[in-house]
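Residue numbers (my numbering), protein chains in the order written: chain A, 1 to 222; chain B, 223 to 444.
2 protein chains.
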Amino acid sequence: MTSFIVDSRETNSRIPVHLRELGVEFEMQEMAAGDFHVGEFLIERKSITDLAKSILDGRLFEQAELIAQASERPAILIEGNLLDLPNDMHPDAMPGAISALSVFWGLSVFSSPNQLGTARLLARLHHHQVNGLGYEVATRVLKPKDKPDGAQAQYLVSGLPGVGPEMARKLLGHFGSARAVFAASIHELAQCNGVGPKTAVAIATALDQSPTKFRVTKKATI
Amino acid sequence: MTSFIVDSRETNSRIPVHLRELGVEFEMQEMAAGDFHVGEFLIERKSITDLAKSILDGRLFEQAELIAQASERPAILIEGNLLDLPNDMHPDAMPGAISALSVFWGLSVFSSPNQLGTARLLARLHHHQVNGLGYEVATRVLKPKDKPDGAQAQYLVSGLPGVGPEMARKLLGHFGSARAVFAASIHELAQCNGVGPKTAVAIATALDQSPTKFRVTKKATI
DNA sequence: ACTTCCGATCCTTGA
DNA sequence: TCAAGGATCGGAAGT
């Protein structure tokens with residue numbers, strides 16, 4: 001699950017070098033299918049020209065089959081500019097291949113501009129699977145700095161469902177402080193001008209919601 | 223499902239035109255989340271610059287969450303050259319975003335060079351899902367769309383000064399509900415792990431401050 | 001998204 | 001037992 005294996009043939013590329021520069025630890029092995037084994041991903045790396053070649057000679061889908069059967073999370077990583085195609089290639093060929101890989105073989109289709117980009121992506125994929133995000137996604141950006149007036153309270157109250165800056169102002173005027181707003185019952189809330197029964201209920205619900213489960217770090221599998 | 227729905231906002235782009243030129247039939251609708259609904263895929267289209275912007279202002283997560291919860295097969299389609307990034311952006315940011323979208327939100331990450339490429343890819347995705355390969359492909363089971371319970375409360379509480387997502391989580395765990403957090407005294411707040419005297423005072427101050435409209439005296443500063 | 005920086009909190013030590 | 005010091009965590013801001 002936390003493994004990072006690089007196929008020995010990748011010594012031809014600068015990927016292993018870049019990975020080391022990025023401080024990633026990995027093993028090199030002869031791999032039966034794919035080029036990188038990063039956590040649950042099994043990834044086949046293809047430069048855009050190699051990909052074009054594989055499409056034309058029909059070998060692409062064999063390889064797709066291989067990695068699709070070898071992993072729960074098969075992926076292809078297309079490296080290079082998507083416009084660098086052989087002139088004689090049909091313009092639908094590349095999109096068609098990407099679509100087929102995704103629809104029929106369930107592959108994730110990553111893309112990177114160059115070998116360094118590839119290394120960075122691999123490193124991040126690994127890091128994310130090992131450490132998660134390392135932090136929680138920032139909720140509530142743009143917090144006001146400590147202003148002496150009620151801006152702080154207004155911002156706080158405007159976090160309630162259905163409450164924007166204007167409604168927050170009304171609520172604060174009616175109740176006197178943020179603490180009082182948050183202590184109010186549904187009925188009391190509804191007394192405030194601008195607050196109807198629906199909003200009142202929504203507010204009370206949010207306030208009384210119990211923290212049975214929390215997302216610490218989001219974990220999803222495909 | 224063989225539907226092909228395009229969000230009405232896409233009229234700004236040339237995608238619908240290209241699609242018609244490619245002989246694809248589709249409907250245009252106002253979509254709640256995403257830009258294209260192609261078979262089982264729900265796809266959000268982002269130009270590389272828009273994507274960069276969304277990363278910087280943190281808006282990307284919300285959108286990812288939206289389409290991830292609205293579909294079994296959520297996807298993002300990155301349009302443009304992956305090297306066209308704001309040069310003030312950290313080089314690890316874009317790969318990190320792609321990785322996170324894939325690992326944590328289970329999104330497929332497509333890529334296309336331009337609007338025509340996007341249209342071609344969409345067309346092929348549709349065609350493949352309609353006409354298939356003669357057999358059904360086992361579509362992978364996607365994410366446990368665990369709607370985080372208490373997210374609303376966490377958002378609300380993280381509006382307090384010195385309180386981010388993590389502290390909010392701790393506070394809610396300690397007090398049981400947002401209402402209880404907002405009712406707590408300085409001393410009670412300080413009981414919570416991670417909350418010291420400074421933070422406790424800051425929180426209480428924010429809660430009890432009243433709009434200064436009526437206050438004559440000013441806060442003394444050193 | 002990532003990184004850097006800073007302040008607050010918590011933990012350990014040693015008197 | 002408590003105070004001072006240093007390690008750690010989390011938040012805020014900038015790229």
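The beta carbon of each residue, even a glycine, is placed where N, CA and C say it ideally should be.
Boundaries cannot be given for A:Phe104, as no alpha helix (DSSP H) includes it and DSSP labels it neither H nor E.
If you ignore the 5 residues before and after B:Leu382, its C-beta comes within less than 7 Å of the C-beta of Ile425, Ala428, all in its own chain and listed in chain order. Against chain B, the beta carbon of A:Ile98 has neighbours under 9 Å at Phe332, Ser333, Ser334, Leu343, Arg346, Leu347, listed in chain order.
By the C-beta criterion, the region 292–300 of chain B is judged to be in contact with the region 244–257 of chain B, since at least 3 inter-stretch pairs fall below 8 Å.
In the structure shown, A:His37 adopts extended strand secondary structure according to DSSP, grouped into three states. Not a single CB atom of chain B sits nearer than 9 Å to the CB of A:Ile43. Neighbours of A:Pro197 in chain B, taken as residues whose beta carbon is under 9 Å from its own, are absent, since the nearest beta carbon is some 19 Å off.
Of all residues in the region 49–73 of chain A, the ones placed with a Cβ closer than 9 Å to any Cβ belonging to chain B are Glu72, Arg73, in chain order. Beta-carbon to beta-carbon, A:Val157 and A:Ala178 are separated by about 5 Å, close enough to satisfy the 8 Å threshold.
Taken atom to atom, the span from the alpha-carbon of A:Gly150 to that of A:Glu25 is near 51 Å.
Rounded to whole angstroms, A:Glu65 and A:Leu101 show a C-alpha spacing of 9 Å. Three or more Cβ pairs closer than 8 Å define a contact, and the region 338–346 of chain B falls short of that threshold against the region 307–322 of chain B. The shortest C-alpha to C-alpha distance from B:Ala375 to any of A:Pro165, A:Gln154, A:Arg140, A:His126 is the one to A:Arg140. The Cβ-Cβ distance between A:Ile78 and A:Val38 does not fall below 9 Å. Excluding the 5 residues flanking it on each side, A:Ser8 has same chain C-beta neighbours closer than 8 Å at Met28, Gln29, Glu30, Met31, in chain order. Runs of the alpha helix (DSSP H) spanning 4 or more residues and lying entirely within the region 52–103 of chain A occur at 60–70, 93–103, in chain order. For a Cβ distance threshold of 7 Å, nothing in chain A lies close to B:Gln251: the least Cβ distance comes to about 22 Å. When DSSP states are grouped into helix, strand and coil, B:Glu388 belongs to the helix group. Here A:Ser210 is exposed: its Cβ has fewer than 16 other Cβ atoms, across all protein chains shown, within 10 Å. At a Cβ-Cβ threshold of 9 Å, A:Ser112 and B:Leu304 count as neighbours. Among the residues facing chain A, B:Leu411 is not included, as its CB has no counterpart in that chain under 9 Å away. Interface residue (Cβ-Cβ distance to chain A less than 9 Å): B:Pro238 is not classified as such. Straight through space, the alpha carbons of A:Gly194 and A:Met167 are spaced by roughly 7 Å.
The shortest CA-to-CA distance from B:Ile237 to any of B:His396, B:Ala345, B:Thr421, B:Val352 is the one to B:Ala345. In the three-state DSSP reduction, A:Ser47 falls in the strand class (E or B).
For B:Asp430, the enclosing alpha helix (DSSP H) covers residues 419–430. Here A:Glu188 carries a helix assignment [DSSP, helix/strand/coil]. A:Val6 is a Cβ neighbour of A:Leu19, given a cutoff of 9 Å.
Classified as buried, A:Tyr155 has 16 or more neighbouring CB atoms from the shown chains inside 10 Å of its CB.
Among the residues facing chain B, A:Asp35 is not included, as its CB has no counterpart in that chain under 9 Å away. Taking 9 Å as the threshold, the shortest C-beta distance from A:Leu19 to chain B does not fall below it. Taking C-alpha positions only, A:His126 is separated from B:Ser276 by approximately 23 Å.
As far as DSSP is concerned, B:Leu394 takes part in no beta bridge.
DSSP lists B:Ile300 as the bridge partner or partners of B:Ser333.
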